[in-house]
Amino acid sequence: QSALTQPASVSGSPGQSITISCAGTSSDVGAYNFVSWYQQHPGKAPKLMIFDVSDRPSGVSSRFSGSKSGNTASLAISGLQPEDEADYYCSSYTTSRTQVFGTGTKVTVL
Amino acid sequence: EAQLVESGGDFVQPGGSLRLSCAASGFSFSNSDLHWVRQTSGKGLEWVSAIGAGGDTYYTSSVKGRFTISRENAKNSLYLQMNSLTAGDSAVYYCAREGYSTSWNDWYFDLWGRGTLVTVSS
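Here the protein sequences line up with chains A and B, keeping their order.
Once you know that position 48 of the first sequence is 65 in this note's numbering, the rest is easy, because the numbers rise by one and skip nothing.
Once you know that position 53 of the second sequence is 306 in this note's numbering, the rest is easy, because the numbers rise by one and skip nothing.
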């Protein structure tokens, strides 16, 4: 199972909006609406930001939103803030009864 | 407060074995599906294994036959027995709780431990 493909880095200025893509296949992202997104600050454990493509856990800012089209999922961050600077990973269940993560995207707030 | 705490990470030689533990508290452990996820130094996340509340198990292909996931509900503990270790298994290992869903294959992780470091080297 190959990792889902994400851009290595995305940057934006405070207040701007950015989008991170997560490209998979018809065996993972395209097969189910079971895509989740995680935020990870350096030296910390990952934190769930989005599950089931577009649902937000309680406590996660509404500035974070998720979507999916075909085999590609996306995470959008609006009103970018300094604390959003972190690594972001997508993840999906697969038809092989396994889970796969994305390659990760480093978000930089300029 | 719900919490997961991993332990057991160590420095081990190639071909060696190690048993990781994950102690849970603050939630209904016996009713939870649990996973192990690893992260190599400076690299991305990789799903390793899962165990359902009913004891069903799943593994990524690279560890199948070498790693065994298990749970002991009476002790609120999750384990990962790792045998025939290679340098490629060196990573921080996280245990993670699967979030609630009405779908058995809706695997997302709403609670993570802080991880335990495994280093495989001669």
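Glycine is no exception: its CB is placed at the ideal position from the N, C-alpha and C atoms.
Taking the Cβ atom as the reference point for each residue, do B:Gly-368 and B:Glu-259 lie within a distance shorter than 9 Å? Taking the C-beta atoms as reference points, B:Glu-259 is found nearer than 9 Å to B:Gly-368.
For the segment 268 to 298 of chain B, which residues have a beta carbon sitting closer than 9 Å to at least one beta carbon of chain A? His-288, Val-290, Gln-292, Lys-296, Gly-297 and Leu-298
Under a Cβ-count criterion, where at least 16 other Cβ atoms within 10 Å of its own Cβ denotes burial, should A:His-58 be classed as buried or exposed? exposed
Can you tell me whether DSSP reads B:Asp-359 as helix, strand or coil? Coil.
Can you name the residues of chain B whose CB is closer than 7 Å to the CB of A:Arg-114? Tyr-311
Contact under 9 Å by Cβ, B:Tyr-346 with B:Arg-291: yes
Roughly how many whole angstroms lie between the Cα atoms of B:Gly-352 and A:Arg-73? 12 Å
Skipping 5 residues on each side, what residues in its chain have a beta carbon closer than 7 Å to that of A:Gly-32? Gly-96 and Leu-97
Quick one: is A:Gln-56 buried, meaning 16 or more other Cβ sit within 10 Å of its Cβ, or exposed? A:Gln-56 comes out buried.
What first and last residue would you give for the beta strand (DSSP E) that runs through B:Thr-310? 310 to 312
Should B:Thr-313 be labelled buried (16 or more other beta-carbon atoms within 10 Å of its own) or exposed? buried
Shorter than 9 Å from the beta carbon of A:Ala-20 to some beta carbon of chain B? yes
Would you report the Cα separation of A:Tyr-106 and A:Thr-122, rounded to the nearest angstrom? 7 Å
Member of A:Val-124, A:Tyr-110 and A:Val-126 whose CA lies at the smallest distance from the CA of A:Ala-20: A:Tyr-110
In whole angstroms, what separates the C-alpha of B:Asn-380 from that of A:Ser-34? Here chain B has residues from 254 to 375 only, and residue 380 of chain B is not among them.
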